[in-house]
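First up is the structure itself, then whatever we jot down about it.
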Amino acid sequence: MKKNVLIIGASGFVGKALTLKLAQSGNLFLVSRNENFTYPRAETYYGDLSNKDFCRGIVKNIDTVFYLAGYKKNLKYHMQAPFEFVAGNVLPLVNFLEAAKNSQIKKIIYMSSTNAGLYNDGEKDGYVVGKYLNELILKSFAQKSGIETKIIRSAPVYGPGDNFDKDTANFIPAMIQKIFESQNEIEVWGSGQRKLQFIYISDLVSNILNLADSDRDFATVGNPEALTINEIVGKIIRLSGKNIKVRNDPSKPDKLTQLFEFDNGIAPATDMEEGLKLTLEFYKQHA
1 MKKNVLIIGA SGFVGKALTL KLAQSGNLFL VSRNENFTYP RAETYYGDLS NKDFCRGIVK
61 NIDTVFYLAG YKKNLKYHMQ APFEFVAGNV LPLVNFLEAA KNSQIKKIIY MSSTNAGLYN
121 DGEKDGYVVG KYLNELILKS FAQKSGIETK IIRSAPVYGP GDNFDKDTAN FIPAMIQKIF
181 ESQNEIEVWG SGQRKLQFIY ISDLVSNILN LADSDRDFAT VGNPEALTIN EIVGKIIRLS
241 GKNIKVRNDP SKPDKLTQLF EFDNGIAPAT DMEEGLKLTL EFYKQHA
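Heads up: the sequence shown begins at 1 in the UniProt record's numbering, then just goes up one per residue.
Structure representation (structure tokens):
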């Protein structure tokens, strides 16, 4: 008999990709706050995890949960209103787990962030704090409930289907939008020498499923390829075919970044060059 699988955050970037991948493999149930989101091969629950009654309704007869939901914008917003992003990530998970402990759920896979591993007492990014606290909550929940809980810390994900709103998007889609809207020059904060690591959307989905089926309960996934901000911007400009100059502004924040050692269950198959090319093609078709 096929398992009943619940995807929380199914209308998000990662959620849509995982839904497509799992469409044929089980009885699929989706959770979304976006009532315009539909998927013909699955039953969709529309609602918010801040509602405890809603949480109790969606856990019925579920075997495996992929918890991909997260309240996120970009670093500027996370720093300006940290409590909003801590509460917006922690409270929904707590409500869901309260409902899950009295259900037949056997396994929960939670998507976290590599930045959660950098948490310290002075952390001002509310999103990072929320993800870190949720990891602690999940570990405690697993011990008390007996429900198998797995955490996947992901490098920033990018690819076709991403959010390209320049005010709320992550670095790569925001930069693509910025480059295509520019006529001759773009500003890049800091020296541009900070190195970043990412993971392409299909590589992340492969690793989520790999962790779900493995004996491991934790993984940190991403592409080990590390490029400077200026190198990434240069690649996007070249692949876009535009003649844009880059002006670095050293007076703007240039946060130090730690490079990660990843323990990918499946080695990323898409390098930055190919991933950016595919992302740009999607943007051109849908912008």
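Idealized CB from N, CA, C, for every residue including glycine. Everything numeric in this text was worked out from a predicted model, so none of it was measured.
For residue i, which residues from the same chain have a beta carbon less than 7 Å from its beta carbon, with the 5 sequence-adjacent residues on both sides left out?
i	result
phenylalanine 262	Thr220, Val221, Gly222, Pro224
serine 145	Lys101
Relative to the C-alpha of residue i, which candidate in the options has its C-alpha closest?
i	options	result
lysine 235	Ile137, Met175, Ala142	Met175
alanine 42	Tyr71, Val5, Thr64, Tyr119	Val5
methionine 111	Phe96, Ser140, Glu148, Phe66	Phe66
lysine 242	Lys72, Ala87, Phe180	Phe180
isoleucine 201	Ser154, Trp189, Glu148	Ser154
residue 289	Leu211, Glu187, Val94, Gly265	Any answer about residue 289 is impossible in this case: the structure gives the chain only from 1 up to 287.
leucine 133	Val90, Gly146, Asn120, Thr149	Val90
leucine 30	Pro40, Asp48, Ile8, Tyr158	Ile8
lysine 60	Pro92, Tyr158, Asn27	Asn27
residue 303	Asp217, Ile109, Leu138, Ala142	The shown model of the chain, from 1 to 287, leaves out residue 303, and the question about it has no answer.
Look at the alpha carbon of residue i and the alpha carbon of residue j, and state the distance between them as a whole number of angstroms.
i	j	result
tyrosine 283	leucine 22	25 Å
glutamine 193	glutamate 281	27 Å
leucine 196	glutamine 104	40 Å
phenylalanine 54	tyrosine 127	24 Å
glycine 161	isoleucine 172	12 Å
residue 318	threonine 279	The displayed coordinates of the chain run from 1 to 287. Any statement about residue 318 would go beyond what the structure contains.
asparagine 34	tyrosine 46	7 Å
leucine 20	alanine 69	17 Å
isoleucine 152	threonine 270	19 Å
threonine 114	phenylalanine 260	8 Å
How would you write the range of the beta strand (DSSP E) that residue i sits in, first residue to last?
i	result
aspartate 249	245-249
arginine 41	Looking at the DSSP string, arginine 41 is not in any beta strand (DSSP E), and its letter there is neither H nor E.
What do you get for residue i, buried or exposed, if any count of 16 or more other CB atoms within 10 angstroms of its CB means buried?
i	result
aspartate 203	buried
methionine 238	Looking at the sequence provided, one finds arginine at residue 238 rather than methionine. Arginine 238 is exposed by the Cβ-count criterion.
serine 11	buried
lysine 72	buried
Quick one: residues in its chain with C-beta nearer than 8 Å to the C-beta of residue i, no 5 flanking neighbours on either side, listed in chain order?
i	result
residue 311	Any property of residue 311 remains undetermined from this structure, which presents the chain solely from 1 to 287.
Hey, quick one: how far does the alpha helix (DSSP H) through residue i stretch, first residue to last?
i	result
arginine 56	52-58
phenylalanine 180	171-181
9 Å is my cut-off, CB to CB: does residue i come that close to chain C?
i	result
alanine 169	Here there is only one protein chain, and chain C is not present.
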